[in-house]
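Peer 1:
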Amino acid sequence: MKKSQEVQLFEDEPKKVIQEVTLDTEDGWMSIQHNEKEICLSKENWLKLVELAKQVIQATEKEN
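Position 39 (the sequence shown) corresponds to 39 in the UniProt record's numbering; numbering is contiguous.
#1: Can you tell me which of L47, E20 and E6 puts its alpha carbon nearest to the alpha carbon of P14?
#2: When DSSP builds the beta bridges, which residues end up paired with V7?
#3: Beta carbon of K48, beta carbon of V21: below 7 Å?
#4: Please name the residue or residues paired with T22 in a DSSP beta bridge.
#5: Would you kindly work out how many angstroms separate the C-alpha atoms of T60 and A53, rounded to a whole number?
#6: Residue range of the beta strand (DSSP E) that E38 falls in?
Structural data, given as structure tokens:
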């Protein structure tokens, strides 16, 4: 399965880029692309990475 979306690259400039996620449903591996950069990892590790990012965001918001 593959999905993509267009997002604004930076808040202070209008440049748009494509984000794309491809999931191989047979082996559970994902390819994530953002601004022509790619990362590939298992679905489980992707979910762990997302959770880690949430923790960092929450900790940063508490500091501000």
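Where a beta carbon is used, it is the ideal one built from N, C-alpha and C, also for glycine.
Peer 2: In short, the structure shows the following:
#1: Comparing Cα-Cα distances from P14 to each of L47, E20 and E6, the minimum goes to E6.
#2: Per DSSP, V17.
#3: No, they are not a contact pair.
#4: Beta-bridge pairing links T22 to K2 and S31.
#5: For T60 and A53, the distance between alpha carbons rounds to 11 Å.
#6: K37 to S42 is the span of the beta strand (DSSP E), which, as asked, contains E38.
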